[in-house]
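Residue numbers (UniProt numbering): 1 to 129.
Note that CB positions come from ideal geometry on N, CA and C, so glycine has one too.
Keep in mind that this is a model prediction, so the values were computed, not measured.
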């Protein structure tokens, strides 16, 4: 996924013969701190980390964003899961939302790494009563 591995994505474009200049396929955006000061953004891709205990419904949330049906059968997530979809905003503009499921055993490591947290625009905590 380009958001997570831009260098690998550029290499793949070159490999398949992308003729328009591989660098033109990517778009750099301003830092969020500048956006916060202006209280607006021209960014159109938002990354959301989805946290929660095992069995709380993190994978179900990601699947619902993709329009996949809910399954009553529980299967523990063993690897990274992402869901990417375009969502409509009020006013008709479209934004790309990238949901990344953070397994319970990786939360402490993620929270202690400022670089990993810097890429997070929104955090969602999922729980089940």
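Item to complete: Would you kindly work out how many angstroms separate the C-alpha atoms of residue 44 and residue 128, rounded to a whole number?
Response: CA-to-CA, the gap between residue 44 and residue 128 works out to about 31 angstroms.
Worksheet item: For residue 81, which residues from the same chain have a beta carbon less than 7 angstroms from its beta carbon, with the 5 sequence-adjacent residues on both sides left out?
Response: Counting only residues of its own chain and dropping the five nearest sequence neighbours on each side, residue 81 has a CB closer than 7 angstroms to the CB of 59, 62 and 101.
Discussion item. Judging by CA-CA distance, which residue of 99, 109, 72 and 75 is the nearest neighbour of residue 86?
Written reply: Closest option to residue 86, Cα to Cα, is 99.
Worksheet item: Thinking C-alpha only, which one of 109, 111, 17 and 104 is nearest residue 56?
Response: The residue with the shortest Cα to Cα distance from residue 56 is 104.
Fill in: Same chain only: Cβ atoms within 8 angstroms of residue 26, ignoring 5 sequence neighbours per side
Cβ neighbours of residue 26 beyond the five flanking positions: 2, 6, 9 and 10.
Worksheet entry | N-terminal and C-terminal residue of the beta strand (DSSP E) that residue 66 is part of | For residue 66, there is no enclosing beta strand (DSSP E), as DSSP marks it with neither H nor E.
Fill in: Three-state secondary structure (DSSP) of residue 128
Three-state result, residue 128: coil.
Worksheet entry | Cβ shell of residue 74 (< 8 angstroms), same chain only, five flanking positions each side left out | Closer than 8 angstroms at the Cβ level, and outside the excluded window around residue 74, lie 55.
Worksheet item: Alpha carbon to alpha carbon, what distance is there between residue 15 and residue 24?
Response: For residue 24 and residue 15, the distance between alpha carbons rounds to 15 angstroms.
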